[in-house]
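Chains as they are written, first to last, in this note's numbering: chain A, 217 to 718; chain B, 1351 to 1963.
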């Protein structure tokens, strides 16, 4: 009898061990929201991935997606099913493949569903729209870096790994990929942790000497302290230098600004540095020689070079090149050459144009020579009516930012864009086997500086409690590499700078 | 006649170092207070070492005094040796420490308690607490009397189910020769409070008549003794000063100890009562540091009118015959007669995660606790909690916001925050390394940091307050003078920064400055602040960062068990501590930055959800 009643197509859903996966009218936890984002690069492609993560994602997928086989979602931890994605408003079904990764065996350790849909921007927008409109209460667009943030929060990866994920995505050559993979495997964390432990021991030794001195415990001789601290400091800075590769030969990342005369490059430099070292004037051509300025942008050190503006950076007819290159007498030609050199050698190029006048003809063709990954385009003077046409640069530069150096508008956006290039690995383009990314190197640089201060305090004859203050700061800085820190600001800071979808 | 059902605003149980401070503070704040003790002869009795202060502890005493506590003043009055220790280090490490005439100390404290208006010292042994609707309403005593009250401060010391240990001998008691109480332990458990067990050891005390002081190295106090108290009325010590003596154990003593290890109390391991690691018994030291041939001992006088000496460093619960044999191998103690043998004591404490930051029990409202019952050790730690518990008992009754000192403003803040946030696995002792901002939490500026709290609560009289005001005035006058005057092209502040520079030298014959440097304490402040300005500014920046995370409050409604992303360990720890801020949450042991991140997300998400509706 029982056998007869069993209808293969109407199996009750298999009992599920993970309650967050049960699709039902009531979401398991109304506060644990489910996020969605497109996790592939924008633009036409073979296919795009729309990714959901959170307790509600299975429910959402089940109601928006019809599998070819007609079966509901599989109880297995990983499953793939071809089918149709319903777009109720358009009365349209889009062919798609659904990948289901159940908690905790997913990237975020939450229930994750990926919809692989045709990679047309219009389709992707419709899919995203349909999802958000159908579940306005339980589904929301992911914030930047939120998938990775959740992976980190749920203990799937540590902080160094979370950042390495970014580098894997943006890695453009094999050497870089290897370095990024080493980071993902935890090498950077291991190194930083080992150093952290050693530092902690040193700190513990002097703390013990401070707190137990009266009980007859010998104080660590100053010479020993200095030796140990110096040796650890030197090893650390060697590691971080090694990982810096041949990037700059200096401690700072190289940023060059170029553009036509009187676009306001110097004003922007002054805004970035918060100083007034570059001379500015409403008259064009105020800057003749490149001006370099050390600037700290969102905690990362840069050397920003301001070049003289040139109307036409392009080498003109062959004869022109010969003349200017050979004699070096024509100042404008020389400036143009410098600008071209900068375009080739700088780690990050910021093109600056006057938004208030049309793009100079000579600059329109520059797009053929620029490296998208390490170029930002800035339109200054947005306080004036917009005359410049940004289209020649759309898609050819990493991002386009509109600012007004005069009114101090958009400078924060520019700073963030610069930092983002660094954090997302845009500058780490040299093939050295780099273990640490820029933020980690910055943390190590700080740790090294604090250790130096500790040595200084002891060398000046101050007792250990002063060195301890510095060593504690060094230890906090190192902890930022691995994320093993109570410092909460840094977490927010890092995660807000991941690109959406991963 | 048994007086039944008396009523007091506040009842303090136990008249030790915590109990006395609590009772005095509460009474001075206008609460009718009863101080109940098993034995009124033992008020503020120094059960262990005859000393007050020392590293980090001296800072605590100065802070207690700045808040209007009694310990510093009583110590000043009864001190028989005063030393400012660690003067070779920076000012943050300078700590006052005094040998105390312990009989004089308890007499002096008892006298002050007796003379305090609003305060009744009564002989009672409390055996039960009366809890109604989550609040304590009174206490019941062995005598049959009961006391109705608005708040209770429990300061039971080692008397809560105390057990004395010496070799294989064990007996009930809170101190040698004094009864302990088991019934109060039962009552606390019945009220839903969890108890733990700690152990601590005392050393033998010897008769000075039988010591050969010529074989030991004397250690004298400072030629000019300073004082603990900021009070302008506090006087230089009235008692004649006495030296301590240094000697050490040798291989012979260690052999005797090693041979007797199996005769240690069996309980130590079995019951798992944790003993302090920083104050190890001599048998532990011999075991752990096998290659050390000797351990330093200080032979400290217990008072002027007694020949008794305390053998600091010889903490033990070895059997008595072993103590006798061992002590006679020590130089200077060859013929020593032990008057009191060393012994251990095991006692119940309330693991302090059960407390709110103002020392009120989370399970039983209006029940405050201070001292060893919270898992601490030391007179200074006890007194520090005592005054805070007393102040807060009174404030709670007046429906005022309780006083909670921050980690960045006082050692007392560090102490209590550590207890209620991290808990403790061994008797907690104050160390300077526990204070992140110790360069600023100095003994020399405790008045400038904390006296305003004492004043606000009516514990600082006009004279002391005036003294602080005039000191502050002198300090700011000095600063503005230094900043506005130059000499040889250099700013005076800069000149003062030089090592070995002092205001006195700087003043020379300059009459303007000479009149300003009359206030020695003000000069000291200016000199210290000038010399270490760079480091102080650095700590100040750290403090600002710390305050920002302390200000990220965790709302009351939060239900940790409902946050699915939290690990179960984190859920459990956060639910039990219920931190006030994300900063406090991040200090809970076992809470990772990821947990904090989850919390942040959750709170932020809820806030946004509310904004949107």
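A virtual CB, placed ideally from N, CA and C, is assigned to each residue, including glycine.
These numbers were taken from a predicted model, which means no experiment stands behind them.
Return the CA-CA distance between residue 1714 of chain B and residue 1504 of chain B, expressed in angstroms with no decimal places.
The sequence position of residue 1714 of chain B within the second chain is 364, counting from 1. The sequence position of residue 1504 of chain B within the second chain is 154, counting from 1. Those two C-alpha atoms are separated by around 12 Å.
Once DSSP output is grouped into helix, strand and coil, what is the label at residue 572 of chain A?
Translated into positions along the first chain, residue 572 of chain A becomes position 356. If DSSP states are grouped into helix, strand and coil, residue 572 of chain A belongs with coil.
Let me check understanding here. Comparing Cα to Cα, which of B:1752, B:1793, B:1647, B:1698 lies closest to residue 1544 of chain B?
For the purposes of this step, residue 1544 of chain B is taken as the residue at position 194 of the second chain. Comparing Cα positions, the closest option is B:1698.
Please check the pair residue 1413 of chain B and residue 1760 of chain B, which I expect to be a contact at CB under 8 Å, by giving their CB distance rounded to whole angstroms.
Counted from its first residue, the second chain places residue 1413 of chain B at position 63. Counted from its first residue, the second chain places residue 1760 of chain B at position 410. About 5 Å; that satisfies the 8 Å criterion.
Less than 8 Å between CB atoms is the rule here; does residue 310 of chain A satisfy it with respect to chain B?
For the purposes of this step, residue 310 of chain A is taken as residue 94 along the first chain, with counting starting at 1. Closer than 8 Å: no.
In the structure shown, what three-state DSSP assignment does residue 345 of chain A receive?
Taking the first chain and counting its residues from 1, one reaches residue 345 of chain A at position 129. In this structure, residue 345 of chain A counts as helix in the three-state DSSP scheme.
If distances are taken between C-alpha atoms only, which option among B:1727, B:1881, B:1884 comes closest to residue 1549 of chain B?
The residue given as residue 1549 of chain B occupies position 199 in the second chain. For residue 1549 of chain B, the nearest C-alpha among the options comes from B:1727.
Beta carbon of residue 1429 of chain B, beta carbon of residue 1406 of chain B: below 8 Å?
Start at 1 with the first residue of the second chain, and residue 1429 of chain B comes out as number 79. Start at 1 with the first residue of the second chain, and residue 1406 of chain B comes out as number 56. Result no, Cβ atoms of residue 1429 of chain B and residue 1406 of chain B do not sit closer than 8 Å.
I'd like to know whether the C-beta of residue 363 of chain A is nearer than 8 Å to at least one C-beta of chain B.
Translated into positions along the first chain, residue 363 of chain A becomes position 147. With 8 Å as the cut-off, residue 363 of chain A does not count as an interface residue toward chain B.
Taking 8 Å as the cut-off, decide whether the C-beta atoms of residue 1439 of chain B and residue 681 of chain A are in contact.
Numbered from 1 along the second chain, position 89 holds the residue referred to as residue 1439 of chain B. Numbered from 1 along the first chain, position 465 holds the residue referred to as residue 681 of chain A. Result yes, Cβ atoms of residue 1439 of chain B and residue 681 of chain A sit closer than 8 Å.
From the DSSP output, in three-state form, read off residue 1456 of chain B for me.
As a working mapping, residue 1456 of chain B is identified with position 106 in the second chain. The answer is helix: DSSP assigns residue 1456 of chain B an H, G or I state.
So, are the CB atoms of residue 354 of chain A and residue 324 of chain A less than 8 Å apart?
Within the first chain, the letter at position 138 stands for residue 354 of chain A. Within the first chain, the letter at position 108 stands for residue 324 of chain A. Taking 8 Å as the Cβ cut-off, residue 354 of chain A and residue 324 of chain A do not qualify as a contacting pair.
Can you list, in chain order, the residues of the segment 1442-1470 of chain B whose Cβ is nearer than 9 Å to any Cβ on chain A?
Listed in sequence order: 1442, 1443, 1445, 1447.
Could you tell me which residues DSSP puts in a beta bridge with residue 331 of chain A?
Counting from 1 along the first chain, the entry for residue 331 of chain A is found at position 115. A:266, A:314, per the DSSP bridge assignment.
For residue 691 of chain A, name the three-state secondary structure that DSSP assigns.
Against the first chain, residue 691 of chain A aligns to sequence position 475. Looking at residue 691 of chain A - three-state DSSP - the assignment turns out to be helix.
Would you check if the distance between the CB atom of residue 1667 of chain B and the CB atom of residue 1631 of chain B is smaller than 8 Å?
Counting from one through the second chain, the residue named residue 1667 of chain B turns up at place 317. Counting from one through the second chain, the residue named residue 1631 of chain B turns up at place 281. Their beta carbons are under 8 Å apart, which means residue 1667 of chain B touches residue 1631 of chain B by this criterion.
Determine the chain A residues that contact residue 1595 of chain B at a beta-carbon separation under 8 Å, and present them in chain order.
Within the second chain, residue 1595 of chain B is the residue found at index 245, counting from 1. Residues of chain A passing the Cβ test: none, with the nearest at roughly 15 Å.
Is the beta carbon of residue 685 of chain A closer than 8 Å to that of residue 1889 of chain B?
Start at 1 with the first residue of the second chain, and residue 1889 of chain B comes out as number 539. Start at 1 with the first residue of the first chain, and residue 685 of chain A comes out as number 469. Taking 8 Å as the Cβ cut-off, residue 1889 of chain B and residue 685 of chain A qualify as a contacting pair.
Under the DSSP definition of a beta bridge, which residues are partnered with residue 296 of chain A?
If you number the first chain from 1, residue 296 of chain A lands on position 80. The partner list for residue 296 of chain A (beta bridge, DSSP) reads A:315.
Inspect the CB distances between the segment 288-297 of chain A and the segment 318-337 of chain A and report whether three or more fall short of 8 Å.
Yes, since at least three Cβ pairs between the segment 288-297 of chain A and the segment 318-337 of chain A fall closer than 8 Å, the two stretches touch.
Can you grab the Cα-Cα spacing for the pair residue 1487 of chain B / residue 1481 of chain B, in whole Å?
By 1-based counting over the second chain, the position of residue 1487 of chain B is 137. By 1-based counting over the second chain, the position of residue 1481 of chain B is 131. Going by the C-alpha atoms only, they are around 6 Å apart.
Quick one: list the residues of chain A neighbouring residue 1567 of chain B, beta-carbon separation under 9 Å, in chain order.
For this step, residue 1567 of chain B is matched to residue 217 along the second chain. Correct list: empty, because the minimum Cβ distance to chain A is about 13 Å.
Name the chain A residues whose beta carbon is nearer than 7 Å to that of residue 1931 of chain B?
Here residue 1931 of chain B refers to the residue found at position 581 of the second chain. The premise fails here: residue 1931 of chain B is roughly 11 Å from chain A at the closest Cβ pair, so nothing lies under 7 Å.
Which ranges would you report for the alpha helix (DSSP H) in the segment 1757-1804 of chain B if only whole runs of at least 4 residues count?
For the segment 1757-1804 of chain B, whole alpha helix (DSSP H) runs of length 4 or above, ordered along the chain, are 1761-1767.
Can you name the start and end residues of the alpha helix (DSSP H) that residue 1567 of chain B belongs to?
For the purposes of this step, residue 1567 of chain B is taken as residue 217 along the second chain, with counting starting at 1. Careful: residue 1567 of chain B lies outside any alpha helix (DSSP H), inside the beta strand (DSSP E) at 1567-1569.
Work out the CA separation of residue 1681 of chain B and residue 1812 of chain B for me, nearest whole Å.
As a first step, residue 1812 of chain B must be located in the second chain, where it is residue number 462. As a first step, residue 1681 of chain B must be located in the second chain, where it is residue number 331. Approximately 52 Å, taken between the alpha carbons.
What's the gap between the Cα of residue 1741 of chain B and the Cα of residue 1669 of chain B?
Position 391 of the second chain, counting from 1, holds the residue named residue 1741 of chain B. Position 319 of the second chain, counting from 1, holds the residue named residue 1669 of chain B. Spanning the two alpha carbons is a distance of roughly 43 Å.
Measure from the alpha carbon of residue 1883 of chain B to the alpha carbon of each residue in B:1822, B:1441, B:1367, B:1936, then state which is nearest.
Taking the first residue of the second chain as 1, we reach residue 1883 of chain B at position 533. Ranking the options by Cα distance to residue 1883 of chain B, first place goes to B:1441.
Checking contacts by CB at 8 Å: is residue 423 of chain A closer than that to chain B?
Position 207 of the first chain, counting from 1, holds the residue named residue 423 of chain A. So yes, residue 423 of chain A belongs to the interface.
Which residues, taken in chain order from the segment 1767-1786 of chain B, show a beta carbon closer than 8 Å to some beta carbon of chain A?
Within the segment 1767-1786 of chain B, the qualifying residues are 1781, 1782, 1783, 1786.
Suppose you measure from the CA of residue 1590 of chain B to the CA of residue 1466 of chain B; what does that come to, to the nearest Å?
As a working note, residue 1590 of chain B is residue 240 in the second chain. As a working note, residue 1466 of chain B is residue 116 in the second chain. Answer to the nearest angstrom: the Cα atoms are 28 Å apart.
Relative to the C-alpha of residue 1886 of chain B, which residue among A:683, A:424, A:512, A:671 is closest?
Against the second chain, residue 1886 of chain B aligns to sequence position 536. Residue A:683 is the option with its Cα nearest to residue 1886 of chain B.
Do the segment 306-314 of chain A and the segment 328-345 of chain A make contact, defined as three or more Cβ pairs closer than 8 Å?
In short, these stretches touch, since the Cβ pair count reaches three.
Measure from the alpha carbon of residue 583 of chain A to the alpha carbon of each residue in A:572, A:528, A:624, then state which is nearest.
Here residue 583 of chain A is taken as the residue at index 367 of the first chain, counted from 1. The candidate whose alpha carbon is nearest that of residue 583 of chain A is A:528.
For residue 1769 of chain B, which option in B:1807, B:1720, B:1921, B:1802 has the closest C-alpha, if you only look at C-alpha atoms?
Within the second chain, the letter at position 419 stands for residue 1769 of chain B. Answer by Cα proximity: B:1720.
Tell me the rounded alpha-carbon separation between residue 1384 of chain B and residue 1691 of chain B.
Here residue 1384 of chain B refers to the residue found at position 34 when the second chain is read from its first residue. Here residue 1691 of chain B refers to the residue found at position 341 when the second chain is read from its first residue. Using only the alpha carbons, I get a separation of about 34 Å.
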